[in-house]
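Worksheet: the structure to be examined is printed underneath.
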Amino acid sequence: MLRLRCPVCGMLAEETELHAGGEAHIVRATAGDSDAEFEAYMFLRKNVKGVVFERWLHQYGCGKWFHAARNSTSHQIYGTYPAQSAEPPAALLETIAAAVSDSGITESGASAADESTNDS
Ligand SMILES: [Zn+2]
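Numbering (the working numbering), first residue to last: 273 to 392.
Below, the structure is given as C-alpha cells:
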C-alpha cells in the first residue's frame, strides 16, 4: 500500500485516503493548437516504467491536490510537493538521481542487467 505525505496538511496518508489523478505536469492545449496537439494533451500519457510524477488528491483529508514522485516498479516514494509547482523541486530531483544511481536502475526503470540480457 502506498503511503504519501501530503505537503499541504503534513499528514502521512494511506492509499485509501487518496485519489490518483494521473500524470503530473501536463501542459494544457490552447485554442490555437492543432487537432494532433489537442489529442496528445487529451489522451496520450507516458506510462513510464521507473520514475513517475503523479497528481494525487488527499480526498479524505484536507481535500487538496499535490504531486508525488515515485518509482512505478518498486513503489518507492521519492517525495511529494505542492500541486502549484510547474516542475519538480531541484532538491527532489537530486534525491531521485541519488536513489536511481544507488539502485542500479535507470530512470526508464530497466536495470543495467536487464539491458544486457535483452541484446542476446
Ligand atoms: Zn492533506
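Glycine included, C-beta positions come from ideal geometry on N, C-alpha and C. Treat the numbers as computed from the prediction; the structure is a model and nothing was measured.
Problem - Three-pair Cβ contact test at 8 Å for the stretch 330-340 versus the stretch 273-283 - result: yes
Handout entry: Exposure label - residue 300; buried when at least 16 CB within 10 Å
Key = exposed
Exercise for the section: Within 10 angstroms of the Cβ of residue 325, are there 16 or more other Cβ atoms? Answer buried if so, exposed if not. Expected result: buried
Handout entry: Three-state secondary structure assigned by DSSP to residue 323
Key = strand
Handout entry: Contact belief for residue 363 with residue 350 at Cβ below 8 Å, rounded distance in angstroms
Key = In fact, because the Cβ distance is near 11 Å, the residues do not count as touching under 8 Å.
Practice task
Let me know if residue 384 comes out buried or exposed under the rule of 16 or more other beta-carbons within 10 Å of its beta-carbon.
Solution key: Note that residue 384 scores a pLDDT of 42, beneath 50, so its modelled location is shaky; the value from the coordinates is reported in the next line. With fewer than 16 Cβ atoms within 10 Å of its Cβ, residue 384 is classed as exposed.
Problem - Outcome for residue 319 when other beta-carbon atoms lying within 10 angstroms are tallied against a minimum of 16 - result: exposed
Practice task
Return the chain-ordered list of same chain residues with a C-beta closer than 7 Å to the C-beta of residue 238, the five sequence neighbours on each side being excluded.
Solution key: Because the chain in this structure spans residues 273 to 392, residue 238 falls outside the shown range and cannot be described.
Exercise for the section: State yes or no: is the beta carbon of residue 340 nearer than 8 Å to at least one beta carbon in chain B? Expected result: Given the protein chain composition of this structure (a single chain), no chain B is represented.
Exercise for the section: Could you tell me which residues DSSP puts in a beta bridge with residue 351? Expected result: 341
Practice task
Could you pull the start and end residues of the beta strand (DSSP E) that residue 292 belongs to?
Solution key: 291-295
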